[in-house]
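**Q** The listed protein sequences correspond, in order, to chains A and B. So the first sequence is numbered by UniProt numbering: it starts at 1 and just counts up by one. So the second sequence is numbered by UniProt numbering: it starts at 1 and just counts up by one. A virtual CB, placed ideally from N, CA and C, is assigned to each residue, including glycine. Only a predicted model underlies this, so the values are computations on that prediction, with no experimental measurement involved.
Protein chains: 2
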Amino acid sequence: MYHFLALHCLHYTLHGSSMASNSNISELQQNAKERLRIISGHLQKPANREQLRVSANECKAEAADRSLEKNRTIPKRRQETLKWNGWGYNDSKFMFNKKGQAEFTGKRYRLSGMVLPALREWFEKTFGASLEHKTPARSALNPSEVPPPILNEGFVQDLKGTAIPFSHEAEDRIFRAHGHCLHEVFALREGKFERVPDLVVWPNCHKEVEKIVELACKHNICVMPFGGGTSVSNAVECPSDEKRTILSLDTSQMNRILWIDEKNLTAHVEAGIVGQDLERLLNESGYCTGHEPDSMEFSTLGGWVATRASGMKKNIYGNIEDLVVHIRMVTPRGVIEKSCQGPRMSTGPDIYHFIMGSEGTLGVVTEVTIKIRPIPEYQKYGSVVFPNFDQGVACLREVAKQRCAPASIRLMDNEQFQFGHALKPQVSSIFTSFLDGLKKFYITKFKGFDPNQLCVATLLFEGDREKVLQHEKQVYDIAAKFGGLAAGEDNGQRGYMLTFVIAYLRDLGMDYYVIGESFETSVPWDRVLDLCSNVKERIIRECKEKGVQFPPLSTCRVTQTYDAGACVYFYFAFNYRGLSDPVHVYDQIEHAAREEILANGGSLSHHHGVGKLRKHWLQETISDVGLGMLRSVKEYVDPNNIFGNRNLL
Amino acid sequence: MYHFLALHCLHYTLHGSSMASNSNISELQQNAKERLRIISGHLQKPANREQLRVSANECKAEAADRSLEKNRTIPKRRQETLKWNGWGYNDSKFMFNKKGQAEFTGKRYRLSGMVLPALREWFEKTFGASLEHKTPARSALNPSEVPPPILNEGFVQDLKGTAIPFSHEAEDRIFRAHGHCLHEVFALREGKFERVPDLVVWPNCHKEVEKIVELACKHNICVMPFGGGTSVSNAVECPSDEKRTILSLDTSQMNRILWIDEKNLTAHVEAGIVGQDLERLLNESGYCTGHEPDSMEFSTLGGWVATRASGMKKNIYGNIEDLVVHIRMVTPRGVIEKSCQGPRMSTGPDIYHFIMGSEGTLGVVTEVTIKIRPIPEYQKYGSVVFPNFDQGVACLREVAKQRCAPASIRLMDNEQFQFGHALKPQVSSIFTSFLDGLKKFYITKFKGFDPNQLCVATLLFEGDREKVLQHEKQVYDIAAKFGGLAAGEDNGQRGYMLTFVIAYLRDLGMDYYVIGESFETSVPWDRVLDLCSNVKERIIRECKEKGVQFPPLSTCRVTQTYDAGACVYFYFAFNYRGLSDPVHVYDQIEHAAREEILANGGSLSHHHGVGKLRKHWLQETISDVGLGMLRSVKEYVDPNNIFGNRNLL
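1. Spatial neighbours of A:Ile372 within its chain, please: CB distance less than 8 Å, with the 5 preceding and 5 following residues excluded, ordered by chain position.
2. For A:Lys313 and B:Arg280, what's the separation of their Cα atoms in angstroms?
3. DSSP state of B:Lys481, grouped into three classes?
4. Among A:Asn152, A:His206, A:Ala405, whose alpha-carbon lies nearest the alpha-carbon of A:Met329?
5. For B:Glu124 and chain A, any beta-carbon pair shorter than 9 Å?
6. As a quick exercise: from A:Lys107, A:Ala118, A:Ser92, pick the residue whose alpha carbon is nearest that of A:Leu423.
7. Which residue spans inside the region 286 to 330 of chain A form an unbroken alpha helix (DSSP H) run of at least 4?
8. Using a Cβ cut-off of 8 Å, pull out every chain A residue sitting near B:Ala593, in sequence order please.
9. Can you find a C-beta in chain B that's less than 9 Å from the C-beta of A:Glu337?
10. Whole angstroms is fine: what's the gap from A:Ile25's alpha carbon to B:Gly516's?
11. Count the other CB atoms within 10 Å of the CB of A:Asn640; is the residue buried (16 or more) or exposed (fewer)?
12. Would you mind sorting B:Asn315 into buried or exposed? The rule is 16 or more other CB atoms within 10 Å of its CB.
13. Please name the residue in A:Ile589, A:Ala503, A:Tyr512, A:Glu520 whose C-alpha comes closest to that of A:Glu297.
14. Any idea what DSSP makes of A:Val236, helix, strand or coil?
15. Counting only the same chain and skipping the five closest in sequence on each side, list residues whose C-beta sits under 8 Å from that of A:Ile320.
16. How long is the line joining the alpha carbons of B:Leu553 and B:Cys238, rounded to whole angstroms?
17. How about B:Ser233 and B:His471: do their beta carbons lie closer than 9 Å?
18. Would you say B:Lys33 reaches chain A, if we count a Cβ-Cβ gap shorter than 9 Å as a contact?
19. May I ask you to list, following chain order, the residues of the region 601 to 619 of chain B that have a beta carbon less than 7 Å from some beta carbon of chain A?
20. The alpha helix (DSSP H) with A:Pro117 in it runs from where to where?
21. Could you compute how far the alpha carbon of B:Gln51 sits from the alpha carbon of B:Glu367?
22. Select from A:Val156, A:Pro225, A:Ala235 the residue whose C-alpha is nearest the C-alpha of A:His180.
23. Taking Cβ-Cβ distances shorter than 8 Å, what residues in chain B pair up with A:Arg333?
24. What residue does the alpha helix (DSSP H) around B:Pro582 start on, and which one ends it?
25. Can you list, in chain order, the residues of its chain whose CB lies under 7 Å from that of B:Ile273, leaving out five sequence neighbours each side?
26. Could you list which residues in chain B have their beta carbon closer than 8 Å to that of A:Ile375, in chain order?
27. Below 8 Å, can you find three or more Cβ-Cβ pairs linking the region 485 to 497 of chain B to the region 570 to 583 of chain B?
28. Looking at B:Val201: is its Cβ nearer than 9 Å to the Cβ of B:Thr331?
29. Please compile the residues from chain A whose C-beta is within a distance smaller than 8 Å of the C-beta of B:Ile478.
30. Assign B:Gln253 to one of two classes, buried (16 or more other C-beta atoms within 10 Å of its C-beta) or exposed (fewer than that).
31. Please identify the residue among B:Gly348, B:Trp84, B:Ser248, B:Val115 whose C-alpha is closest to the C-alpha of B:Phe96.
32. Is there at least one Cβ from chain B nearer than 9 Å to A:Gly357's Cβ?
33. Using the beta-carbon of each residue, which ones in chain B are nearer than 8 Å to A:Pro349?
34. Does any residue of chain E bring its CB to less than 9 Å from the CB of A:Tyr636?
35. Looking at C-beta atoms only, is the number of pairs between the region 84 to 92 of chain A and the region 463 to 477 of chain A that lie closer than 8 Å three or more?
36. Which partner residues of A:Asp250 appear in the DSSP bridge assignment?
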């Protein structure tokens with residue numbers, strides 16, 4: 001078991017707080033049994049049908065779970081843990097030290113505390129950036145610069161009556177005023193605040209959300225559900241012309257696992273729990289959901305449902321729509337949920353698909369029954385290097401066709417392969433650069449590859465040991481047909497480990513005139529290559545035309561594969577020195593890139609969602625009648641637009 | 001390859017018309033290539049985005065496909081092929097011959113032309129029926145008894161102008177006036193007709209459907225889409241108080257495969273094609289969808305989408321919601337579809353899930369892009385006998401937990417096992433009775449089993465030969481842990497072969513006072529045993545209380561397995577001699593059985609849908625808000641209730 005955990009914890013428990021992975025499993029099983037006893041009977045044969053409905057546990061109940069809350073990642077006051085104007089944990093960031101060497105601070109990640117000698121050269125060379133030209137962020141938040149709250153006194157009085165904690169402190173409001181789109185973070189760094197939430201409220205359970213929504217309807221308040229705040233679609237940005245009190249409903253305190261059902265392999269969980277907490281707590285009971293979006297350190301179960309999230313390991317565990325068994329949502333019309341937990345139904349259009357993707361426009365997802373699986377016995381990483389991107393895509397397509405994709409299979413283009421070297425630490429076994437790794441493996445064979453052409457696929461296999469080894473052989477045999485050379489476990493493992501750290505790089509860039517963003521799409525197999533090359537070229541062309549004075553970074557990877565197509569994920573960044581309005585230029589280029597994606601048969605989004613950033617294209621994407629259907633549901637469920645974040649429509 | 005086909009064709013090409021299966025594959029591949037040439041370019045890089053939309057081919061186009069239409073199963077005049085007052089083909093039925101022996105007529109099925117010596121005894125013993133007491137159906141349809149059509153003259157004039165074929169002959173109208181619920185067929189046999197469609201129209205393509213719907217809106221006509229007519233939810237029954245002209249829109253002539261895309265493994269198909277035609281035509285190109293509902297001889301692609309159909313082999317191929325890549329539907333508001341074929345999207349709530357399950361209340365599904373797979377290299381049947389039903393269910397649950405379910409795995413209870421003997425033909429190798437089969441296998445071991453307790457699981461494996469054999473071993477090893485004995489391929493094969501023939505038995509029963517029906521549900525694993533026994537007991541109890549004078553047949557099987565639960569399928573029939581209103585009694589008992597299902601945590605339906613038969617329970621199933629959402633979509637898409645079949649809402 002230890003071997004598995006050693007690999008397993010690399011994923012979502014990279015940082016110190018994950019004691020679970022290291023403690024004794026059978027002991028953990030005991031905890032699970034105890035919790036099960038407490039929540040027993042939830043699916044026993046009822047005296048009457050009403051009892052079949054999955055019922056919210058009282059906020060006071062579940063002492064066993066409450067006691068666990070010290071383990072939760074997100075405190076009410078996020079500023080205690082998280083940055084107010086950048087990505088992730090306060091104590092973790094990239095910086096150039098006094099010697100001008102890059103290092104990653106803190107203790108949470110495998111890369112933490114390490115010096116990265118190659119990063120500076122890559123950074124300067126790629127972006128034409130220089131450590132002389134700095135654009136530091138405002139160091140601290142100045143509350144006096146935050147617009148004063150618009151407070152509906154009647155609502156505030158009623159809210160006080162409920163004893164549900166709330167705040168209108170500037171810091172609390174600013175933390176819920178943005179996601180992580182470039183322009184949102186750029187504005188924060190400059191201390192520019194437009195419309196921000198007026199109040200923040202922290203319900204502890206479903207019943208408290210019902211109470212809050214009831215009061216919001218009574219006083220005509222605008223409610224914006226807020227989960228992890230990891231949105232990259234402007235989904236949590238406040239509409240600038242909203243005159244009503246804007247209430248940010250922070251779900252972070254609804255973070256309990258209400259029950260685990262080992263017979264049906266399901267868990268009933270409050271929707272505010274973040275991914276890393278959900279997996280860690282389930283692991284204590286010997287289970288996992290296997291849902292691992294790249295944002296899982298901070299994104300929430302409710303957020304996954306609201307945006308139709310996709311997980312890295314969906315090939316085994318499925319995307320969120322495959323994992324959900326039951327959803328409970330509070331709307332201005334009342335609570336919506338199904339009356340039973342049948343695994344699959346033909347009872348008219350599936351109302352859960354009216355909720356999944358609704359992006360906070362209809363209500364608050366409060367509780368979800370989600371599938372769980374026993375923790376896999378064995379995990380193994382792997383990697384394959386291909387002579388070029390075309391061969392890599394052809395291999396991924398064949399693997400998908402043969403339905404033998406590992407838990408995860410991702411293909412990086414050559415630019416991302418090159419980038420791999422930049423994050424090589426001074427001292428480390430695992431962090432030997434990809435190139436070194438390859439040379440070690442194929443001192444001779446490798447000579448045949450052009451370093452400016454080759455690309456790399458990273459793999460993650462899961463299951464029982466014997467099957468994993470068979471599976472591995474099958475995939476490497478297919479890869480060989482496309483010129484792919486197995487490039488070792490370390491190279492694969494590093495790729496996945498860096499997933500969480502890379503998110504911190506944008507803040508470093510913004511200290512030195514470099515701005516960037518990622519965006520994604522899904523596309524049929526026969527259009528993947530055209531789409532990748534056309535979009536990357538379009539970005540470079542647009543940068544020239546828009547007066548960007550340095551060549552941009554324009555790179556992509558294939559991150560998910562399906563029977564009929566794939567998900568492609570783009571990174572795009574450039575040095576904006578000499579531009580008067582860099583954010584506007586950035587927005588124009590991203591807009592052009594999306595036009596290019598759509599013109600090449602790509603979708604508006606594979607998993608980031610629409611929000612406000614992409615709503616411009618929704619009508620042409622789902623047709624007039626399709627959009628009209630969404631509008632009709634919105635008008636029925638929320639006629640006064642209480643959930644007024646203005647996403648989608 | 002031959003071995004595969006020999007088995008493969010047992011499924012959906014049991015009858016003689018399936019030459020495809022016997023002809024040379026490489027030749028068939030040629031046909032496919034030719035068709036592909038004709039339809040090439042549909043997904044090439046377009047000059048502008050509009051061309052990305054999946055476009056309807058002109059009705060006149062696709063000569064290559066038109067030429068295939070002689071192979072289609074369903075003619076415009078269904079009476080040429082199908083019964084007007086019972087199930088299936090005119091030439092295929094069970095009957096007792098002059099010697100009083102049961103036989104199955106015709107040439108289409110493996111059982112056709114065979115005498116079944118054991119059936120009479122089983123029939124008389126099980127139902128207390130007697131060949132002396134007959135209740136024959138009216139032999140012929142008497143047009144003068146059919147209510148005259150209500151004809152909107154303006155609409156009829158405009159319809160003539162379109163040159164789209166239509167009819168108001170009594171026979172054509174009666175054929176589209178019913179599905180196959182007991183009370184529907186019972187009424188037909190007695191020549192009792194209530195509200196029936198006034199007109200039948202046969203569009204040839206999407207554009208003609210658009211024209212018809214446009215005219216229907218102009219003249220306020222009630223349109224009821226009609227596919228295979230295999231509904232068992234009253235979905236195609238006309239509302240008795242509908243005063244407008246009711247137009248039955250028969251999709252059977254929209255039966256072309258418009259293109260096959262071998263790069264993305266998809267096919268774009270007109271929605272009126274029936275399952276057996278779709279699979280046969282795809283097989284000619286070396287592909288299949290693998291979607292095989294028990295109704296697939298007659299049910300249509302559009303019907304599957306409209307009711308959220310489930311296929312026997314969903315463990316490999318998925319249910320209809322897993323197979324659909326693109327849907328095109330004509331509504332009173334216009335055409336609804338997405339603008340691209342990305343394999344998975346996060347673009348708000350999935351509008352295809354507004355269509356799937358809409359049961360003809362929103363519009364007509366005209367074209368569907370569906371996933372295809374290469375025909376599997378190898379198929380193998382199997383069977384396992386368990387000492388009792390509990391052990392069988394425990395085994396299926398473990399197989400599902402280990403995610404190693406074969407393409408199909410079904411568990412019959414003891415009553416259905418007993419029934420197996422009844423269909424043993426006089427002379428046949430394959431049709432040796434199950435009991436004989438078992439004895440042959442386990443002349444000794446078998447002594448341990450109680451014939452009144454044991455139950456049987458039938459299996460179907462698909463894939464490449466080596467993997468199938470590994471897979472088979474894994475499943476039989478699990479079965480052994482639950483006391484299961486492998487009982488051979490023939491026993492399994494027979495189970496699946498009888499699927500299509502069993503549907504003909506109800507008509508035999510109705511000749512001798514026996515009425516019955518099947519119904520289904522989905523339920524979490526931990527409730528399966530309770531639900532099965534409680535529902536079967538409830539049926540028996542209700543029969544007593546309602547004055548049924550003979551013990552009923554009350555039996556079930558588990559037909560689908562999922563991570564979190566299973567689908568359970570019930571058969572229920574009784575001898576109604578001595579009852580004044582047998583259909584009413586039957587309806588009361590079925591209603592009580594559904595109440596029992598819901599009280600035991602079962603869903604309102606797994607795959608039959610809601611229609612009008614189960615709409616009484618829809619509100620409590622999906623909550624007030626859920627139902628309100630469906631209503632709001634209906635009111636937006638179809639404010640004048642043009643699609644007025646009154647299903648669901």
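**A** This is what the structure holds:
1. Ile260, Leu265, Thr266, Ala267, Leu282, Tyr287, Cys288, Thr289
2. 35 Å
3. helix
4. A:His206
5. no
6. A:Ala118
7. 301 to 307, 314 to 317, 320 to 323
8. None at all; the shortest Cβ gap to chain A is about 15 Å.
9. yes
10. With a pLDDT of only 47 at A:Ile25, under 50, the local geometry of the prediction cannot be trusted, and the value read off the model is given with reservation. Taking the straight line from one Cα to the other gives about 53 Å.
11. exposed
12. buried
13. The shortest CA-to-CA distance from A:Glu297 to any of A:Ile589, A:Ala503, A:Tyr512, A:Glu520 is the one to A:Ala503.
14. Residue state, collapsed to three classes: coil.
15. His291, Trp304, Val305, Arg308, Ala309, Ser310, Gly311, Met356
16. 31 Å
17. Taking 9 Å as the Cβ cut-off, B:Ser233 and B:His471 do not qualify as a contacting pair.
18. Because B:Lys33 sits at a pLDDT of 48, beneath the cut-off of 50, its placement in the model cannot be relied upon, and the following sentence gives the value as read from the coordinates. False, the Cβ-Cβ gap to chain A never drops below 9 Å.
19. Residues are counted here when their Cβ sits less than 7 Å from a Cβ of chain A; for the region 601 to 619 of chain B these are Gly601, Gly602, Ser603, Leu604, Ser605, His606, His607, His608, Gly609, Val610, Leu618, given in chain order.
20. 117 to 127
21. Reliability fails at B:Gln51, whose pLDDT of 40 lies under 50, so the model's placement of it is uncertain and no value is given.
22. The candidate whose alpha carbon is nearest that of A:His180 is A:Ala235.
23. Asp624, Val625, Gly628
24. 582 to 599
25. Asn255, Thr300, Leu301
26. By Cβ distance, chain B contributes nothing, its closest Cβ being about 14 Å from A:Ile375, past 8 Å.
27. no
28. no
29. By Cβ distance, chain A contributes nothing, its closest Cβ being about 14 Å from B:Ile478, past 8 Å.
30. buried
31. B:Val115
32. yes
33. His353, Phe354, Ile355, Met356, Gly357, Ser358, Leu630, Val633
34. In the structure shown, chain E does not exist; the protein chains are A and B.
35. no
36. A:Phe226
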